[in-house]
Amino acid sequence: FWALAALGTLNIVYGALCAMAQADMKKLVAYSSISHMGYVMLGMATLTAQGINGAVFQMFNHGTITAMLFLLVGVVYDRAHHREIDGFGGLASVMPVYTGLMTIAFFAAMGLPGLSAFISEVLVLLGAWQYHHGLTVVAASAVVLTAGYMLWMLQRVWLGPVNEKYASMPDVTPREVLTLAPLAVIVVILGVYPHAVLDLINPTLIALNKTVASAAPAVAMLP
1 FWALAALGTL NIVYGALCAM AQADMKKLVA YSSISHMGYV MLGMATLTAQ
51 GINGAVFQMF NHGTITAMLF LLVGVVYDRA HHREIDGFGG LASVMPVYTG
101 LMTIAFFAAM GLPGLSAFIS EVLVLLGAWQ YHHGLTVVAA SAVVLTAGYM
151 LWMLQRVWLG PVNEKYASMP DVTPREVLTL APLAVIVVIL GVYPHAVLDL
201 INPTLIALNK TVASAAPAVA MLP
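As numbered in my numbering, residues 1 to 223 make up the sequence shown, in order.
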C-alpha cells in the first residue's frame, strides 16, 4: 500500500503543480490528466471495495472528461492556430455554446458535486482514509490546486475583455456539437446516477476483494 499510495499521491500533486505552470492549453490539460490518474493509483493501492470502485470509475470518468477537454482545446486551435492561454480573452461572449460545453468539462475536472468525477474521487479518498489519513489529506488538498489552474485558464480565455483579433470567431459547428454533447451528457448523468457504471463493475470487484482477502494471511507470513 505505502509505495503505490505515495506514488499515486505524488502524481496527483505533481501533475496539478505542473499544470499550474503551463501557458499552453493543451499542456495544461495533459498535466491535469496526469494528476487525475493519480487517483486511480491511490484507489487501487487501498485494496478496499470503496477505493477500487472509485479507481475503476475514475478511469471511466477520466476517459470522458479528458477527451472532452482535448476536443474543446482543438476547437479553438482549429480557428486560432495557437493554444496560448494569454492570447485569447472574452470568448464567452463570442462563442457562448462552446463556453457552456467547456464550463461543464472544467467543473467536471475540478470534481464539482453533481458531475461524474466527484463520485469517483470521493470513493478513492474514502478508501484511502481507512489506511493512511496523511496521504488522504494531501490527495484531497490537490482539489484546491485543480480548481486554481482550471479557473485561472477559464478567466484568461473566456472572461474579461474580448480580444479584437478573435471578436468574429465562429461558435461550435453542428458536427462539433454532435461530438461533444454526448460526452457532456455522460458527465452529467453519471454525476447524479453513478450506479449506471458502478453496478456493472461491482460483481467483478467483489470477487477481486475476496481473492485479496483470502491471500492476505499468506502474504503476512512472508519474511
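Every residue, glycine too, gets a C-beta built ideally from N, C-alpha and C.
Which residues bound the alpha helix (DSSP H) around Ile-189? 174–192
How is the alpha helix (DSSP H) around His-133 delimited, first residue to last? 133–158
Taking one C-beta from the stretch 29–38 and one from the stretch 62–82 each time, how about it: are there three or more such pairs within less than 8 Å? yes
Gly-160 classed as buried or exposed, judged by whether at least 16 other C-beta atoms fall within 10 angstroms: exposed
Whether Met-237 touches Ile-85 by CB criterion (8 Å): Residue 237 falls outside the range modelled here, since the chain spans only 1 to 223, and no answer is possible.
Separation of Val-73 from Lys-165, as counted between CA atoms: 18 Å
According to the neighbour-count rule (16 or more other Cβ atoms, all chains shown, within 10 Å of its Cβ), is Leu-91 buried or exposed? buried
For Phe-107, I'd like the list of residues in its chain whose CB is within less than 7 Å of its CB, leaving aside the five on either flank, ordered along the chain. Leu-115
Spatial neighbours of Phe-276 within its chain, please: CB distance less than 7 Å, with the 5 preceding and 5 following residues excluded, ordered by chain position. With the chain covering only 1 through 223, there is no way to say anything about residue 276.
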